[in-house]
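Each remark here refers to the structure printed beneath this line.
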Amino acid sequence: ACSRLVLGIETSCDDTGAAVLDERGAILGESLHSQKEVHLRTGGIIPTVAQQLHRENIEHVVQEALERSGVDPSHLSAVATTVKPGLALSLGIGLEFSQRFVRQHNRPFIPIHHMEAHALTVRMLHPVAFPFLVLLISGGHSLLAVARGVDDFLLLGHSLDEAPGDTLDKVARRLSLRKHPQCSTLSGGQAIELLAKNGDKKRFNFRTPMGQTPDCCFSFAGLRNDITITITKKEKEEGIEQGTLLSCVNDIAAATQHTVAAHLAKRTHRAILFCKANGLLPSSSPTLVVSGGVASNQYIRKALTVITESTGLHLLCPPAKFCTDNGVMIAWNGVERLREGKGILSPNIDVHYEPKAP
Ligand code: KG4
Ligand code: ZN
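To convert, take the position in the sequence shown, counting from 1, and add 28; that gives the UniProt record's numbering.
Rendered as structure tokens:
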């Protein structure tokens, strides 16, 4: 009954999320409004549209999470909200709402870093001690970092261009996979995983990115260009219109998935060796946490398992529900910060969002 309670609010991209958690990470109430369907129709996120949808939904999403939890705002120990990184217009709505809310109810405010929240969500579910290695792979994120503490992250690598989920989505769109009956409701990454099951990954040979670059960064734009060239060539050979290829779509999907997996696995392997050489991970049961929408891909997981088994790391993937953007992960980061007394602000302090913070 005396557990501290945190309200978490997320609006950094295309999900309006809120959740109330207690100190042990029990979810007392949550609510999520996804804009994915709207953005799918326009072929990508238009920031002003995302902003308007956050504005229309934030109030009732927060109200719903609070009502489901049965917690009165006056009993909250703090309100935690994503302030970076993300779309400036989207972040602004969550921050404006939160600043008004904490002033109205006189509650402490905890600004949250969206990527740090992704990285720490696993600790809500498993007793993973610091430090651990984390690989975040989604439609908007791609990074490798050592989580050393609640507010202590060592960034080992990030994508120099686009994120792997974005690449898979764009390849899927180029192939018009939504027109395939079995893929009509799937995300690009899911569609590619499904078709790849019946494909020959060796029929097309895409070069694994950054083979000669001695760091832990990622790059997917060059690979996507190679894939697009192959698709265009095939369409020309068959004399068909763009986006109507059928003959070797499974093979292209398999080769795409294979190359993305190989790139992720190689960079992760490099990061593990770097961590070992520099004593960055504990010698007993070191852990790799993999999170983000792309982490639900079984082929990619298998590739990462090969790496963790050969290097003696323990691999943890939170369930898909906790890998994607929501208010729960933000509230959990608030709980972790509250426990350590880190980054807790009085309601009167003006906080600004930082769209491009690292
Ligand atoms: O974390 P997430 O839900 O949202 C954001 O990126 O904000 O990740 C969505 C991404 C999409 O790009 C989607 O294509 C990809 O994750 N994804 C997958 C799979 N399921 C979702 N990629 C590969 N294989 C999957 N099974
Ligand atoms: Zn995210």
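Note that CB positions come from ideal geometry on N, CA and C, so glycine has one too.
Find the nearest neighbour of residue i within the set the options, judged by alpha-carbon distance.
i, options, result
"LEU161", "SER247, GLY177, PHE248", "GLY177"
"LEU196", "GLN210, LEU222, GLN79", "LEU222"
"GLY239", "LEU273, ARG231, VAL156, HIS297", "HIS297"
"ASN306", "PHE129, VAL130, VAL174", "VAL174"
"PRO375", "PRO155, LYS64, GLU65, GLN132", "GLN132"
"ILE335", "LEU301, ARG231, LEU203, PHE232", "LEU301"
"SER204", "PRO383, LYS384, LEU68", "LEU68"
"LEU35", "LYS304, ASN354, ILE377, PRO383", "ASN354"
"ILE37", "SER59, SER31, THR256", "SER59"
"ALA191", "THR76, GLY371, GLY217, ILE358", "GLY217"
"PRO383", "ARG367, ILE140, LYS304", "ILE140"
Here's the rule I'm using: 16 or more other beta-carbon atoms within 10 Å means buried, otherwise exposed. How should residue i be labelled?
i, result
"THR258", "buried"
"LEU183", "exposed"
"ARG365", "buried"
"ASP42", "buried"
"PHE158", "exposed"
"ALA106", "buried"
"GLY45", "buried"
"PRO237", "buried"
"GLU144", "buried"
"ILE268", "exposed"
"SER31", "exposed"
Who are the Cβ neighbours of residue i in its own chain at under 7 Å, not counting the five residues just before and after it?
i, result
"ILE55", "ALA47, LEU49, VAL356"
"LEU123", "THR109, VAL111, VAL379, TYR381"
"ASP189", "SER247, PHE248, ALA249"
"GLY53", "MET152, TRP360, VAL363"
Thinking C-beta only, is residue j closer than 7 Å to residue i?
i, j, result
"PHE246", "SER187", "yes"
"GLY362", "ILE138", "yes"
"ILE121", "ARG151", "no"
"LEU316", "LEU343", "yes"
"VAL199", "THR287", "no"
"SER166", "GLY193", "yes"
"CYS276", "SER319", "no"
"THR149", "PRO314", "no"
"LEU172", "ALA290", "no"
"GLY227", "ASP279", "yes"
"SER118", "ALA147", "no"
"LYS229", "ALA282", "yes"
"LYS262", "LEU273", "yes"
"PHE125", "ILE86", "yes"
"PRO136", "ILE372", "yes"
"ASP254", "PHE232", "no"
"HIS142", "GLY168", "no"
"CYS244", "ARG202", "no"
Only counting the same chain, and skipping five residues up and downstream in sequence, which positions put a Cβ closer than 8 Å to that of residue i?
i, result
"HIS103", "LEU33"
"GLY57", "ALA47, VAL48, GLU92, ALA93, LEU94, GLU95, ARG96, SER97, GLY98, VAL99"
"TYR327", "GLU221, ALA224, GLN285, HIS286, ALA289"
"THR76", "LEU117"
Have a look at the DSSP bridge pairing and note the partners of residue i.
i, result
"ALA175", "PHE160, PHE181"
"SER118", "Beta-bridge pairing links SER118 to no other residue."
"HIS61", "THR44"
"THR110", "ILE140"
"VAL89", "Bridge partners of VAL89: none, in fact."
"THR260", "BP columns for THR260 are empty, so no partner."
"GLU38", "GLY45"
Spatial neighbours of residue i within its chain, please: CB distance less than 6 Å, with the 5 preceding and 5 following residues excluded, ordered by chain position.
i, result
"SER62", "ASP43"
"LEU164", "HIS146, LEU171, SER319, GLY320"
"THR39", "HIS82, SER118, ILE121, GLY122"
"LYS264", "none"
"VAL89", "THR44, ALA46, SER59, HIS61"
"VAL130", "VAL107, PHE137, PRO375"
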